[in-house]
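If you're matching them up, the sequences are chains H and D in order.
Under my numbering, think of the first position of the first sequence as 189, with each following residue one higher.
Under my numbering, think of the first position of the second sequence as 13, with each following residue one higher.
The C-beta atom is built at its ideal place from N, Cα and C for all residues, glycine as well.
Computed from a predicted structure; not experimentally measured.
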Amino acid sequence: DTEVTQTPKHLVMGMTNKKSLKCEQHMGHRAMYWYKQKAKKPPELMFVYSYEKLSINESVPSRFSPECPNSSLLNLHLHALQPEDSALYLCASSQPGPAKLFFGSGTQLSVL
Amino acid sequence: SQKIEQNSEALNIQEGKTATLTCNYTNYSPAYLQWYRQDPGRGPVFLLLIRENEKEKRKERLKVTFDTTLKQSLFHITASQPADSATYLCAPTYNYGQNFVFGPGTRLSVLP
Chain H
189 DTEVTQTPKH LVMGMTNKKS LKCEQHMGHR AMYWYKQKAK KPPELMFVYS YEKLSINESV
249 PSRFSPECPN SSLLNLHLHA LQPEDSALYL CASSQPGPAK LFFGSGTQLS VL
Chain D
13 SQKIEQNSEA LNIQEGKTAT LTCNYTNYSP AYLQWYRQDP GRGPVFLLLI RENEKEKRKE
73 RLKVTFDTTL KQSLFHITAS QPADSATYLC APTYNYGQNF VFGPGTRLSV LP
């Protein structure tokens, strides 16, 4: 199984809502990533978990809260988002480097 | 800070020709460099990885070169096909770390 599964595929939320994005992989990878991608821009790194511990936080606003419950699962909790947070949110996984990233298909998020 | 540039935002070529995409970086050389392909609404897909001590890597119709003197990687697709149309992203990686940062990407269109 070489898949990274993300749910939901699409999400529309208001600025006062709380929602969560989910990501799952069963490749035994010990590093998992969240990226944000705006239209016609490259993916932008948000968070990295290595062996279930947060290892990189690229100065992301606190309205985004990552969680890694176990080595297969990664969540991104969303609260009080702004319309400019609307984007494609991508999850990826890898073995510790040098290693290629496996990406999910993403969650297209719209904040109204 | 490190800057990554890719030769052009968009590149159009005729079917059957060789497409050449460029990735340039400033300052210090990465330990290795990866190339990914991204189709609209999908996550990036890994294509090739080249290490700093390697000059060239090949995979089927794909070839990557890495010139640390020029601070540049070239990505070639020979005998290009319309199905090769996509955005191609380079990702230089430093010290075998996990802060995978992507270049801005080149949107390739192969015209029949």
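Annotation: the segment 214-291 of chain H contains the following complete segments of the beta strand (DSSP E) (minimum length 3 residues), in chain order: 219-225, 232-238, 241-245, 252-258, 261-267, 275-282. Contact between threonine 32 of chain D and leucine 86 of chain D holds: CB atoms are separated by about 6 angstroms, below the 8 angstroms threshold.
In summary, glycine 202 of chain H is exposed, with fewer than 16 beta-carbon neighbours lying within 10 Å of its beta-carbon over all protein chains present.
According to the DSSP assignment, glutamine 84 of chain D belongs to the beta strand (DSSP E) that extends over 84-89. Judged by DSSP in its simplified three-state form, proline 104 of chain D adopts strand.
The beta-carbon of glutamine 110 of chain D is placed less than 9 angstroms from the nearest beta-carbon of chain H. Close CB contacts of tyrosine 44 of chain D within its chain, under the 7 angstroms cut and outside five residues either way in sequence, are with Leu61, Ile62, Arg63, Glu64, Thr105 (chain order). Closer than 8 angstroms at the C-beta level to chain H, one finds these residues of the segment 60-93 of chain D: Leu61, Arg63. It is roughly 17 angstroms from the alpha-carbon of valine 236 of chain H to the alpha-carbon of glycine 55 of chain D. In the DSSP annotation of this structure, the continuous segment of the beta strand (DSSP E) that includes lysine 69 of chain D starts and ends at 68-71.
Bounds of any beta strand (DSSP E) do not take in glutamate 21 of chain D, whose DSSP letter is neither H nor E.
In the DSSP assignment, tyrosine 37 of chain D falls within the unbroken beta strand (DSSP E) covering 31-37. Here leucine 233 of chain H is not near leucine 269 of chain H, since their CB atoms are 9 angstroms or more apart. The continuous beta strand (DSSP E) containing arginine 49 of chain D extends over residues 44-50. Those residues of the segment 14-27 of chain D placed with their C-beta closer than 7 angstroms to a C-beta in chain H do not exist.
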